[in-house]
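Under the UniProt record's numbering, think of the first position of the sequence shown as 1, with each following residue one higher. We treat Cβ as the ideally placed atom computed from N, Cα and C, and that holds for glycine. All figures in this text were calculated on a predicted structure; none of them were measured in a lab. Just below is one structure, and these are the notes that go with it.
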Amino acid sequence: IIIFCHAWQTMGTRQFLCSLGHLANHLRATAMSRGTKPDVTENCPVLRPPQQGRQQGCRRTQARQEDSDEEGHKRRAKKNAGDPDIVKSPSDHKEYRYIKLSNGLNALLISDLYMDDCNSSEASEEEDMSSDTDDGKDSSFEDEKDGNVEEFGEVPGGREASIEGYAGVLSGLGRKSKQKERRGSRIKDENDDYEIYEQLVKKEEENKMDSTEKQSAAALAVGVGSFCDPDDLPGLAHFLEHMVFMGSQKYPDENGFDTFLKKHGGSDNASTDTERTVFHFDIQKKYFREALDRWAQFFIQPLMIKDAIDRKYSPFCCLMCSSKQTEYQIARPSDANRRELLLGSLAKQGHPMRKFFWGNAETLKHSPKKNRINTYQRLRDFRTRHYSAHYMNLVVQSRETLDTLEKWVTEIFSQIPNNGLPKPTFGHLPQPFDTPAFYKLYKVVPVKEIHSLSISWSLPPQEKNYRTKPLHYLSWLVGHEGNGSVLSLLRKKFWALALFGGNGETGFEQNSTYSIFSISVTLTDEGFEHFYEVIHIIFQYLKMLRKHGPVDPLEFVENISEYMHIFRKEDFLIGDQLLIEYNAEVIADALNHLIPQKANFVFFSPYHEGKCPLKEKWFGTQYSATEIDAYWSTLWDTDFMLHPDLHLPEENQFIATDFTVKKSTEHKTEYPHKILDTKQGCLWYKKDNKFSVPKAFICFYLVTPVIQQSALNMVLFDTFVSTLSHNLAESAYQADVAQMEYKIIAKEHGLVIRVKGFNHKLPLLFQLIIDHLSNLSVSPSAFQMIIEQLKKTYFNNLLKTDSLAKDLRLSILEHGRWSLVEKYQTISSGVTIEDLQAFVTAFKSKLWVEGLVQGNFLSNEAKDFMNYIAGKLQFVPLIHPCPIQFRVIELPNTHILCKVKSLHAGDPNSDVTVYYQVSKKGSRKGMGCPIHFYSGLTHYQDAALTPTH
1 IIIFCHAWQT
11 MGTRQFLCSL
21 GHLANHLRAT
31 AMSRGTKPDV
41 TENCPVLRPP
51 QQGRQQGCRR
61 TQARQEDSDE
71 EGHKRRAKKN
81 AGDPDIVKSP
91 SDHKEYRYIK
101 LSNGLNALLI
111 SDLYMDDCNS
121 SEASEEEDMS
131 SDTDDGKDSS
141 FEDEKDGNVE
151 EFGEVPGGRE
161 ASIEGYAGVL
171 SGLGRKSKQK
181 ERRGSRIKDE
191 NDDYEIYEQL
201 VKKEEENKMD
211 STEKQSAAAL
221 AVGVGSFCDP
231 DDLPGLAHFL
241 EHMVFMGSQK
251 YPDENGFDTF
261 LKKHGGSDNA
271 STDTERTVFH
281 FDIQKKYFRE
291 ALDRWAQFFI
301 QPLMIKDAID
311 RKYSPFCCLM
321 CSSKQTEYQI
331 ARPSDANRRE
341 LLLGSLAKQG
351 HPMRKFFWGN
361 AETLKHSPKK
371 NRINTYQRLR
381 DFRTRHYSAH
391 YMNLVVQSRE
401 TLDTLEKWVT
411 EIFSQIPNNG
421 LPKPTFGHLP
431 QPFDTPAFYK
441 LYKVVPVKEI
451 HSLSISWSLP
461 PQEKNYRTKP
471 LHYLSWLVGH
481 EGNGSVLSLL
491 RKKFWALALF
501 GGNGETGFEQ
511 NSTYSIFSIS
521 VTLTDEGFEH
531 FYEVIHIIFQ
541 YLKMLRKHGP
551 VDPLEFVENI
561 SEYMHIFRKE
571 DFLIGDQLLI
581 EYNAEVIADA
591 LNHLIPQKAN
601 FVFFSPYHEG
611 KCPLKEKWFG
621 TQYSATEIDA
631 YWSTLWDTDF
641 MLHPDLHLPE
651 ENQFIATDFT
661 VKKSTEHKTE
671 YPHKILDTKQ
681 GCLWYKKDNK
691 FSVPKAFICF
701 YLVTPVIQQS
711 ALNMVLFDTF
721 VSTLSHNLAE
731 SAYQADVAQM
741 EYKIIAKEHG
751 LVIRVKGFNH
761 KLPLLFQLII
771 DHLSNLSVSP
781 SAFQMIIEQL
791 KKTYFNNLLK
801 TDSLAKDLRL
811 SILEHGRWSL
821 VEKYQTISSG
831 VTIEDLQAFV
841 TAFKSKLWVE
851 GLVQGNFLSN
861 EAKDFMNYIA
871 GKLQFVPLIH
881 PCPIQFRVIE
891 LPNTHILCKV
901 KSLHAGDPNS
911 DVTVYYQVSK
921 KGSRKGMGCP
931 IHFYSGLTHY
941 QDAALTPTH
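This is the structure in structure tokens:
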């Protein structure tokens with residue numbers, strides 16, 4: 001019993017049970033009931049490699065394990081009882097404990113010992129089968145992820161209204177969690193069969209990357225940020241965030257912590273906001289105790305050696321974050337960052353929002369040197385004054401007991417000094433934007449080729465209202481995309497492409513002195529001409545809301561460490577998620593601040609070039625400041641009429657009401673299997689036999705050879721996908737509200753349609769998409785709007801050095817690839833609506849369709865999806881069915897260098913890509929010489945590219 005208990009503790013419950021099967025249950029039951037040594041000869045199964053025997057054994061013993069596993073969980077939970085005051089979900093098996101150390105540091109301990117022994121090996125199956133790494137076009141042999149297409153105007157955390165699948169124009173963001181398998185501590189017993197034990201541990205090591213178990217993680221939030229920057233040293237708080245990690249007294253190696261994390265599968269990061277600075281890391285559980293000690297030393301006794309600091313703010317690597325490019329230089333080309341700095345400059349004199357939070361070589365090196373300021377000493381003084389234990393909140397999560405975590409945290413973090421000084425506060429500086437300068441129209445020249453209108457209001461701080469969330473409530477209404485919404489009306493007039501409304505809960509938008517509520521609209525060229533009318537429609541909608549009144553309705557630890565500064569203990573887990581209380585007065589009060597007289601307007605457009613004489617100090621943003629047009633200002637001071645097409649959201653037909661988990665009589669399969677194979681295509685299917693949840697995932701790939709025939713067809717395909725997404729935007733929006741998701745993706749050789757969510761109404765959403773695809777129509781005005789936006793998208797991607805370098809590389813390597821430049825030239829030369837109609841007809845005429853249905857559907861129901869496509873589109877099968885293989889040029893065995901000058905003269909950032917081509921054998925002899933791609937402002941194209949090079 002002792003031997004197997006040691007193996008159990010070492011290996012982890014899942015692999016132990018799945019490897020030993022019946023024997024594990026027999027041992028557990030016998031040891032508990034009689035305490036006698038069991039006879040193991042009859043039931044001992046043959047040990048198999050985990051990939052082959054693990055799941056099979058797990059299924060055989062699942063029924064017998066359910067009762068004992070549940071009882072075992074209850075016993076463990078009783079011994080590992082958490083804080084009953086902390087509210088959590090009934091399905092959350094983690095235990096929580098809140099403690100306060102003797103030095104004043106607050107800590108939340110999270111123990112996630114519980115794990116469903118059989119199912120945990122595929123705990124992220126649902127995410128994996130539906131994870132989206134496709135943002136627009138992709139390459140099947142290309143394994144890297146496209147950079148995010150930053151679309152100015154998005155308000156993180158607010159309701160989002162966008163045209164999904166706009167050929168990369170506006171794309172949804174997915175989430176990924178870093179999850180690796182736990183490694184048990186090594187325990188050797190003199191009676192242990194050590195050779196077998198070593199083999200089991202080796203297998204555990206080999207399968208580590210295939211597991212989905214969460215890593216141990218920690219986050220620490222210091223209740224001090226950039227608001228505390230000295231007036232003569234802008235960016236000092238941000239600089240300190242980097243410098244504390246340059247070694248400690250106990251662990252003096254300058255890069256020792258990063259090396260330790262990387263060696264053991266971990267990562268770390270940090271961020272500085274206006275009133276908080278957050279540090280966090282994750283690592284394999286086995287090394288969590290040591291990592292905590294190494295990490296805590298940065299807050300106990302950091303070295304902060306002067307030589308390291310000098311190197312950090314040298315003119316060539318100012319504020320370098322690990323191997324990343326200069327943060328300041330990367331931030332400059334961002335229109336969102338430029339808007340924040342511009343608005344910050346409008347705050348009252350003496351308010352910290354006027355400060356330059358980023359910092360650069362000028363503010364931290366050159367200017368202090370001229371003024372004889374000792375930056376090194378001031379940095380140390382800043383740390384001593386502001387990095388005090390009683391300003392800090394800590395969150396740790398690991399598969400340890402709460403008692404163990406409390407012991408570790410108390411031993412390690414109690415050493416952080418407490419200076420006994422009161423924490424700096426800024427609540428005495430309310431209404432920083434109640435100035436004449438704020439209530440104006442600012443026309444700005446953007447970095448991107450885009451028309452964007454942003455309307456902002458400054459409200460009293462709303463952090464205290466987190467239980468009601470009035471801004472979240474209002475953002476849902478303002479960002480609604482269905483019939484009767486602002487965006488619906490603007491789209492009908494072809495004035496807008498997207499609208500975002502809300503509060504992102506960043507330090508800029510929400511702090512102890514104010515909260516910002518913003519509505520940002522991405523305009524068409526026609527919308528640019530009618531921007532005052534656009535503003536008026538928004539004001540009409542807000543007035544309609546006031547008239548009707550309110551209507552009744554690794555990130556984990558990082559976020560909680562910040563929320564501990566705001567939320568009550570019982571709300572740590574739910575304070576940012578749930579509308580805990582409904583308070584009509586609080587919502588109405590927030591809504592009453594959103595009036596025309598208190599609004600700020602920032603209007604980005606390239607058409608403002610040459611008309612903006614003013615320049616922002618730090619990012620060099622060109623802008624002008626003007627009063628609101630007299631006609632509109634006078635109108636908004638009156639009781640203006642409401643637009644008849646604006647109203648509250650209608651009843652949602654996509655809300656699921658049937659959550660029955662369907663029972664299948666078919667043989668359970670571990671992987672999807674093919675249930676249809678015809679000349680028109682094939683269908684793969686897998687019933688959910690792991691999680692038993694009323695959800696499903698559907699994916700279909702419609703393949704056609706016509707896309708790759710010419711650059712014109714590539715452009716027309718992007719236009720086709722954008723048109724389909726535009727037509728679906730309003731009708732399918734309610735499905736998104738009902739916790740269903742859909743994605744339309746333009747692939748290299750066809751169209752991908754993905755839907756997922758509660759299965760009850762999922763066929764309704766799928767049929768809606770296919771219906772729009774079958775009967776695609778577009779008006780001349782909508783077509784022109786889409787072409788204009790697509791052209792801007794191509795241009796904006798060419799401006800980015802990383803996108804330009806990637807496109808150049810793939811154009812060299814892939815046979816028959818049409819480059820971004822070719823597509824931009826094609827769309828600039830003119831594309832007609834007749835071209836689009838002809839392409840759509842050709843696209844739908846001959847197809848090969850491959851599909852996957854997975855989740856809470858039966859096999860005959862899965863076939864209905866394929867039949868619906870075939871019946872609606874009535875296509876002819878391809879003569880040569882897929883799969884399609886990418887053809888890649890074999891490079892000569894010589895070094896190749898390609899340089900290209902950045903097309904964006906104002907972006908100092910460069911991009912370097914080194915590409916190695918490896919033979920199929922994968923041997924060292926098979927690896928050829930690299931091809932180097934340089935893209936940046938300082939480089940140029942010094943040689944004509946031949947088909948070979």
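Which residue marks the beginning of the beta strand (DSSP E) containing residue i, and which one marks its end?
i	result
GLY527	No beta strand (DSSP E) holds GLY527; the alpha helix (DSSP H) holding it covers 525–529.
GLN622	622–626
ASP258	It is not in any beta strand (DSSP E) - ASP258 instead sits in the alpha helix (DSSP H) that spans 256–263.
GLU741	741–746
Between which two residues does the alpha helix (DSSP H) carrying residue i extend?
i	result
GLU822	820–829
PHE717	711–731
MET785	780–799
VAL703	No alpha helix (DSSP H) holds VAL703; the beta strand (DSSP E) holding it covers 695–703.
VAL409	402–413
ARG491	486–492
ALA588	584–592
GLU327	327–331
Tell me whether residue i sits in a helix, a strand or coil according to DSSP, three-state version.
i	result
HIS932	strand
THR274	coil
GLU509	coil
ASN856	coil
PHE433	coil
GLY344	helix
ASN393	strand
ALA237	helix
ARG372	coil
SER89	coil
CYS898	strand
ASN337	helix
TYR671	coil
GLN65	Bear in mind that the predicted position of GLN65 carries a pLDDT of just 46, short of 50, making it too unreliable to give a figure here.
Could you please give me the residues that DSSP links to residue i through a beta bridge?
i	result
GLN297	Answer by DSSP bridge pairing: none, since GLN297 is not bridged.
LYS687	GLY855
CYS682	ASP677, GLU850
THR522	SER452, ALA498
ALA221	VAL278, ASN393
ALA599	TRP457
Report the option in the options whose CA atom is closest to the CA atom of residue i.
i	options	result
HIS643	ILE455, ILE537, LYS663	ILE537
THR678	TYR466, SER664, GLU850	GLU850
LYS844	SER859, ALA870, ASP864	ALA870
HIS648	ASP736, SER475, SER334	This sequence places Leu at residue 648; His is not what is there. The shortest C-alpha separation from LEU648 is found at SER475.
GLU362	PRO705, LYS617, LEU858	LYS617
VAL478	ASP273, PHE500, LEU441	PHE500
MET353	LEU776, ASN360, GLU340, ALA584	GLU340
LEU847	LEU751, LYS756, SER828, ASN797	LEU751
residue 973	LEU523, ASN511, LYS695, ALA588	The shown model of the chain, from 1 to 949, leaves out residue 973, and the question about it has no answer.
ASP907	THR404, GLU890, LEU798	LEU798
PRO252	ALA389, ARG294, ALA270	ARG294
Should residue i be labelled buried (16 or more other beta-carbon atoms within 10 Å of its own) or exposed?
i	result
ILE879	exposed
VAL918	exposed
LYS674	exposed
GLY427	exposed
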